[in-house]
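Asks:
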Amino acid sequence: MSERETVDVQAKLERLGRLRRDGGVLRDYQAPRWNEPLIMEQSVPGERGVFVPLAEDEVTAVVGDPQQYVPDGMHRAAPPDLPEISQHQALRHYLRLSQMTLGMDLGSDISEGTCTMKYSPKVHEELVRYHKHADLHPWQDEETLQGLLQIVYDCGEYLKAISGMQAITLQPGGGSHAVYTNACVMRAYYAARGELGQRDEMITTIFSHPCDAATPAVAGFKVITVMPDENGYPDLEAFKAAVSERTVGCMITNPEDTGIYNPHIDKYVEVLHDAGALAFTDQANANGILGFARARDAGFDACHFNLHKTFSSPHGCEGPATGAYLVGDRLAPYLPAPIVVKTGSRYHLDYDRPESIGRVRGFLGNWMGVVRAYAWIRNLGPDGLREVAEISVLNNNYLDRLLLGVRGVSRPYAEGHRRLDQVRYSLETLKEDTGVGTEEIRDRMVDFGIQSYWMSHHPWVVPEPFTPEPCETYSKADLDEWAAVVKKASDEAYADADFVKSSPHSSSSGRMTGLDALEDSRSATTWRSYRRKTASRG
Amino acid sequence: MADRPFIHPYIPNAVPATKEAMLRELGLRSVEEIYAEIPERLRFKGRLDIPEPILAERDLRRHVKGLLDRNTSCEDNLNFCGAGCWQHYVPAVVDEVINRAEFLSAYCGGSYSDLGKYQARFEFNSQLAELLDLGGVANPIYDWGDVAGRSFRMAKRITGRPRVLVPQTMSPMRLAEARTLCQPEVMPAHVAVDLVDYDPATGGLDLDDLRAKLADDVAAVYWENPGYLGNIEAQGAEIVRLAHEHGALAIAGVDPITLGVLTAPGTLGADIACGDIQSLGMHMHAGAGCAGFIAFRDDDPVFAEECPLELYTLLETETPGEWQVAEALPERTSYGAREQGKDWVGTASGLWTIAAAVYMTVMGPRGFRELGETCIARSHYAARRLSELPGVVVKLSPAFFKEFVVNFDGAGKTVAEINKGLLGHAIFGGKDLSSEFPELGQSALYCVTEYHSEANIVELVSALKEVLS
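If you're matching them up, the sequences are chains A and B in order. Under the working numbering, residues 15 to 552 are what the first sequence spells out, in order. Under the working numbering, residues 945 to 1413 are what the second sequence spells out, in order.
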């Protein structure tokens, strides 16, 4: 090692402070940096990744040249300009890309609050990859799907018990999709009552997920967003003021993304019901209340769960996902078809649902997530689910104590009240003191092998926000490490703001340039578009 | 479970000493003190009515696998059902990549922690763009029916017109999803979805009916290639021309696996293309393998601006020669603008885009062409062999890619009865069309791909012969 390199290493270690091997909690982490060209840049004409079957001689003898069956004008003239690359080189490329992805299994996804990044057991993956799941066709005779239908039916029963609701669909392809389903179900309910012309307003809160505002708009409703008071949720009187004879219902999260449980939630529901309106609660943040509180007991007409969050499916770089949408009796007729029903010991797909909203997704939905959720619930049982909630809440409050001890960190709203599953913090003070804001702290934390954290949905009601969610998966040591990295980044911000602002320093790439292109038509979503736009700029 | 202490392997801090240390740090005696935030009247007092746990992983696996064993898979049986979810071969390398823990378990981390995820996404976009011959590709979402509906809404936003025209042969399931998105007629923002007749000889769009229905309130004409009933639509260029003549957009619904052989929608002049990527390397998973894409022209920024899905763009970094990828035009989406966004986005199909990226890479231009020719050859071979059976007629188009309509009116049995009979031969027959398209009588949609060998087809023919006799 040269003298210069020795000095660099020494400087880096000094900067890092106490490392794990010294009894500290910080890592001298370096993300893989393969400097991997795009796959399109690696093409070698003539190479190929796999042989595909060719038609047998017997087939060709009968049908002749297959191109003769393609109508005039429909023969592809020029082959698609796809990469030509041998199998190992292709595999290696994508493995390198996987290494430059800090998945939850490797990193610390305490960072991704509102996402409930819990451990997804590997045995589940064996089960969904089994050919009796992976290689099922959705239109198979239901007699040949009895095992899957039983799993889906039973899982539905468990989710009904957990929420207190009376009916369920597992057709939606994600949490937002389930929330959208709710907007459609409420629409159908009022259409059936002839009240759609009168009722056209959906109420939500600003700390509810953006889909609680966006999906009712897609369903055709006006959206009224109620703002929080100093407690972090709308004052009951403010909520009342938003409700009228025009109200369809509410679509709100509880606990909201702040982690604050709204103790008046049942009063909101009463206000809605008194006005003839309906109440839906978005349960993306249900992890801390499993077995402790049920949506139906607070009077809600409907709720949902994200099976990939609360009930443990791997998030798969944002899907596939499953939304479970549950309702009380009066909304049950409107659920999308088909519904899984049980007759004696047999399971059936019920399409005979004349009042149904129709479909929100093709075929049956994503039942991979249901198989995993089923296995997860069966593995934990009633006490295990409560333990999940209890430990996630304990973890969150423990991390909260550590983080509130970090200079520049604050926790707006509801002073004196504890949060449940997560907290939305603010780095406003840090920003005012040092000029370093939440985006820079997020990028700096990546240097320690911590997943870049979730700040907040837009708009940022909390200034310079960040939202960790230390669900039951994480150990005390994991929590200590996460807090220590925040503290380290904060200390650095006060000592050397420019160093933090120029982070990350150990990521898979250098800092991005040309970010202004993100806002306009210079952006290019494909390689061919990029090349065309770059060429036209000279 | 006897006296085993309940310290679940997925919950490290359930260890009593750890829990106590953390509570002590918080100055609490129990977590109950935190739950005091939930008022007593809202607390669930009972014990959840779900079964006692199956704790040992071995036992859990036995239990769930035992349930799945009650299914019969398309590996157990020969499957000839497609209808929007198709059995194509999935190269092993595709599964190897998407089963990598990093990809499998990652979520919405940013560019600096998840460069690889974003690069794979961009490479998916870029390769799909080549198949489609269109420059703009958005991040996929739920499935074909969903993106069809979103494309209709996108066309309405772009043109300000309230009506779209779609083929009567459109998959009823896709149509139902799209209609949900287009809102019921009573809603002020309803998008009317009107059906255009088809030519019973070819399955293609009836251009006379299209001309009659095209008017200056039509936002878009949508057609499918291949159509739901399997036919290759020969009139794509003319459909585009007619749509544009009336100031409407042309939207193509496409199964991208056909595009090594068939003319791409972009080449035909489509403004927007949508469809499903399930055929590009996804196991069927009872339909969970589906994911819908939207692609669009990139020579007019309005298409990107009105696209309802997330967009990712290639960027450079401070290090020369290094790539990065980040989200473009984020303020369009519901994440950026809540109810002011274009529709909504959410967790949907991320891993499938990576699978499709790997699939397109290993297939390459020659793989797609060969696969297309094999699908055409074997499906036509199957059609010919089946139509030799008494009372069995292949209906509609003589031009199809992998799916074709088989009519059994002359055979004296319903499709339901025939499919029950085929089950006895360990065969899943074609999709029963008798309720979806009653005018086709007792017809089924059969699907033959590169997955099926000539021997498989012969097996089908001889089983059907027995069932029909």
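Ideal placement from N, C-alpha and C gives every residue a C-beta, glycine not left out. Please read all numbers here as calculations on a predicted model, not as lab measurements.
Could you work out which residues of chain B lie near residue 496 of chain A, taking near to mean beta carbons separated by less than 7 Å?
Replies: In the first sequence, the residue the question calls residue 496 of chain A occupies position 482. In chain order: nothing, as chain B lies at least about 14 Å away.
Asks: Straight-line CA distance for residue 998 of chain B to residue 548 of chain A?
Replies: Residue numbering aside, residue 998 of chain B sits at position 54 when the second sequence is read from its first letter. Residue numbering aside, residue 548 of chain A sits at position 534 when the first sequence is read from its first letter. Distance between the alpha carbons of residue 998 of chain B and residue 548 of chain A is about 58 Å.
Asks: Would you tell me roughly how many angstroms separate the C-alpha atoms of residue 1253 of chain B and residue 63 of chain A, rounded to the nearest one?
Replies: To locate residue 1253 of chain B, count along the second sequence from 1; it is residue 309. To locate residue 63 of chain A, count along the first sequence from 1; it is residue 49. Those two C-alpha atoms are separated by around 31 Å.
Asks: Quick one: does residue 994 of chain B have its CB under 8 Å from some CB of chain A?
Replies: On the second sequence, residue 994 of chain B is found 50 positions in, with the first residue counted as 1. So yes, residue 994 of chain B belongs to the interface.
Asks: Determine the burial state of residue 971 of chain B: buried for a count of at least 16 other Cβ atoms within 10 Å of its Cβ, exposed for fewer.
Replies: One-based indexing of the second sequence puts residue 971 of chain B at position 27. Residue 971 of chain B comes out exposed.
Asks: In angstroms with no decimal places, state the Cα-to-Cα distance between residue 1349 of chain B and residue 1195 of chain B.
Replies: Against the second sequence, residue 1349 of chain B aligns to sequence position 405. Against the second sequence, residue 1195 of chain B aligns to sequence position 251. Each residue's Cα considered, the two are about 25 Å apart.
Asks: Alpha carbon to alpha carbon, how far is residue 945 of chain B from residue 392 of chain A?
Replies: To locate residue 945 of chain B, count along the second sequence from 1; it is residue 1. To locate residue 392 of chain A, count along the first sequence from 1; it is residue 378. With a pLDDT of 43 at residue 945 of chain B, under the threshold of 50, the modelled position of this residue cannot be trusted; read the value that follows with caution. Whole-angstrom Cα-Cα distance: 14 Å.
Asks: Could you tell me how far apart the beta carbons of residue 1215 of chain B and residue 1193 of chain B are, in whole angstroms, since I believe they sit closer than 8 Å?
Replies: Counting from 1 along the second sequence, the entry for residue 1215 of chain B is found at position 271. Counting from 1 along the second sequence, the entry for residue 1193 of chain B is found at position 249. At roughly 4 Å, the Cβ-Cβ gap stays under 8 Å, so residue 1215 of chain B and residue 1193 of chain B are in contact.
Asks: Using a beta-carbon distance below 8 Å, is residue 224 of chain A in contact with chain B?
Replies: Working through the first sequence from its first residue, we reach residue 224 of chain A at position 210. Cβ-Cβ to chain B under 8 Å: yes for residue 224 of chain A.
Asks: Using three-state DSSP, classify residue 1268 of chain B as helix, strand or coil.
Replies: Locating residue 1268 of chain B in the second sequence gives position 324, counting from the first residue. Note: residue 1268 of chain B maps to strand in three-state DSSP.
Asks: Let me know if residue 1019 of chain B comes out buried or exposed under the rule of 16 or more other beta-carbons within 10 Å of its beta-carbon.
Replies: Along the second sequence, one-based indexing puts residue 1019 of chain B at 75. The residue is exposed, with fewer than 16 neighbouring Cβ atoms inside 10 Å.
Asks: Inspect the beta-carbon positions of residue 593 of chain A and residue 184 of chain A and report whether they are closer than 8 Å.
Replies: Residue 593 of chain A lies beyond the stretch modelled for chain A, which goes from 15 to 552, so this question has no answer here.
Asks: Along chain B, which residues have their Cβ under 7 Å away from the Cβ of residue 404 of chain A?
Replies: As a first step, residue 404 of chain A is located in the first sequence; it is residue number 390 there, counting from the start. Result: 975.
Asks: Distance, Cα to Cα, residue 479 of chain A vs residue 1185 of chain B?
Replies: What you label residue 479 of chain A is simply residue 465 of the first sequence in a count that begins at 1. What you label residue 1185 of chain B is simply residue 241 of the second sequence in a count that begins at 1. Going from the Cα of residue 479 of chain A to the Cα of residue 1185 of chain B covers about 51 Å.
Asks: Suppose only complete runs of 4+ residues qualify. What are the alpha helix (DSSP H) ranges in the segment 238 to 295 of chain A, listed by chain order?
Replies: With a minimum length of 4 residues, the continuous alpha helix (DSSP H) runs that stay inside the segment 238 to 295 of chain A are 250 to 256, 279 to 288.
Asks: Taking the alpha carbon of residue 230 of chain A as the point to measure from, which residue in B:1139, B:1127, B:1155 has its own alpha carbon closest?
Replies: Numbered from 1 along the first sequence, position 216 holds the residue referred to as residue 230 of chain A. Out of B:1139, B:1127, B:1155, B:1127 has the C-alpha closest to the C-alpha of residue 230 of chain A.
Asks: Taking only beta carbons into account, state which residues of the segment 129 to 155 of chain A come closer than 8 Å to chain B, listed in chain order.
Replies: Against chain B - using a Cβ distance shorter than 8 Å - the residues of the segment 129 to 155 of chain A are 129, 131, 132, 133, 134, 135, 137, 139, 140, 141, 142, 143, 144, 145, 146, 147, 148, 149, 150, 151, 152, 153, 154, 155.
Asks: Return the residues of the segment 74 to 98 of chain A that lie within a Cβ-Cβ distance of less than 8 Å from chain B, sorted by chain order.
Replies: So the close ones are 74, 76, 77, 80, 81, 83, 84, 85, 86, 87, 88, 89, 90, 91, 93, 94, 95, 96, 97, 98.
Asks: Does the beta carbon of residue 1 of chain A come closer than 8 Å to any beta carbon on chain B?
Replies: The structure shown does not extend to residue 1 of chain A, since chain A is modelled only from 15 to 552, so the question has no answer here.
Asks: Using the rule of at least 16 other Cβ atoms within 10 Å of the residue's Cβ for burial, across every protein chain shown, is residue 550 of chain A buried or exposed?
Replies: To locate residue 550 of chain A, count along the first sequence from 1; it is residue 536. Its Cβ having fewer than 16 others within 10 Å, residue 550 of chain A is exposed.
Asks: Can you pull the chain A residues whose beta carbon is under 7 Å from the beta carbon of residue 1069 of chain B, in chain order?
Replies: Taking the first residue of the second sequence as 1, we reach residue 1069 of chain B at position 125. Per Cβ cutoff of 7 Å: 539, 540.
Asks: Please state the DSSP three-state secondary structure of residue 1139 of chain B.
Replies: Taking the first residue of the second sequence as position 1, residue 1139 of chain B is located at position 195. DSSP places residue 1139 of chain B in strand when its eight states are reduced to three.
Asks: Give the residues of chain B in contact with residue 407 of chain A, contact being defined as C-beta atoms less than 8 Å apart.
Replies: By 1-based counting over the first sequence, the position of residue 407 of chain A is 393. 975, 978, 979, listed in chain order.
Asks: Can you grab the Cα-Cα spacing for the pair residue 1379 of chain B / residue 485 of chain A, in whole Å?
Replies: Your numbering for residue 1379 of chain B matches position 435 in the second sequence. Your numbering for residue 485 of chain A matches position 471 in the first sequence. The alpha-carbon atoms of residue 1379 of chain B and residue 485 of chain A are separated by roughly 48 Å.
Asks: With a cut-off of 8 Å on the beta carbons, I'd call residue 307 of chain A and residue 982 of chain B a contact; round off their distance for me.
Replies: As a position in the first sequence, residue 307 of chain A is number 293, starting the count at 1. As a position in the second sequence, residue 982 of chain B is number 38, starting the count at 1. So it is a contact: roughly 5 Å between Cβ atoms.
Asks: Is the beta carbon of residue 1287 of chain B sitting closer than 8 Å to the one on residue 1097 of chain B?
Replies: Within the second sequence, residue 1287 of chain B is the residue found at index 343, counting from 1. Within the second sequence, residue 1097 of chain B is the residue found at index 153, counting from 1. Contact: yes.
Asks: Provide the residue(s) that pair with residue 424 of chain A in DSSP beta bridges, ordered along the chain.
Replies: Walking along the first sequence from the start, residue 424 of chain A turns up at place 410. DSSP lists A:440 as partners of residue 424 of chain A.
Asks: In whole angstroms, give me the CA-to-CA distance for residue 1220 of chain B and residue 1239 of chain B.
Replies: Along the second sequence, one-based indexing puts residue 1220 of chain B at 276. Along the second sequence, one-based indexing puts residue 1239 of chain B at 295. If I take the Cα positions, the gap works out to 11 Å.
Asks: Since residue 310 of chain A contacts residue 138 of chain A with CB under 8 Å, what's their CB separation in whole angstroms?
Replies: For the purposes of this step, residue 310 of chain A is taken as the residue at position 296 of the first sequence. For the purposes of this step, residue 138 of chain A is taken as the residue at position 124 of the first sequence. Not really, about 28 Å apart at Cβ, beyond 8 Å.
Asks: Rounding to the nearest angstrom, what Cα-Cα distance links residue 1016 of chain B and residue 168 of chain A in this structure?
Replies: Walking along the second sequence from the start, residue 1016 of chain B turns up at place 72. Walking along the first sequence from the start, residue 168 of chain A turns up at place 154. Using only the alpha carbons, I get a separation of about 19 Å.
Asks: Would you please verify whether the beta carbon of residue 474 of chain A is less than 8 Å from any beta carbon of chain B?
Replies: By 1-based counting over the first sequence, the position of residue 474 of chain A is 460. So no, residue 474 of chain A is outside the interface.
Asks: Going straight from the alpha carbon of residue 69 of chain A to that of residue 1116 of chain B, what length do you get?
Replies: Within the first sequence, residue 69 of chain A is the residue found at index 55, counting from 1. Within the second sequence, residue 1116 of chain B is the residue found at index 172, counting from 1. So the two alpha carbons sit approximately 32 Å from each other.
Asks: So, helix, strand or coil for residue 130 of chain A, using DSSP?
Replies: Counting from one through the first sequence, the residue named residue 130 of chain A turns up at place 116. If DSSP states are grouped into helix, strand and coil, residue 130 of chain A belongs with coil.
Asks: Around the C-beta of residue 322 of chain A, are 16 or more other C-beta atoms found within 10 angstroms, so that it is buried, or is it exposed?
Replies: As a first step, residue 322 of chain A must be located in the first sequence, where it is residue number 308. Looking at its Cβ environment, which holds 16 or more other Cβ atoms inside 10 Å, residue 322 of chain A is buried.
Asks: Using three-state DSSP, classify residue 957 of chain B as helix, strand or coil.
Replies: As a first step, residue 957 of chain B is located in the second sequence; it is residue number 13 there, counting from the start. Note: residue 957 of chain B maps to helix in three-state DSSP.
Asks: Tell me the residue span of the beta strand (DSSP E) that contains residue 1348 of chain B.
Replies: If you number the second sequence from 1, residue 1348 of chain B lands on position 404. Taken as a continuous stretch (DSSP letters only), the beta strand (DSSP E) holding residue 1348 of chain B covers 1347 to 1351.
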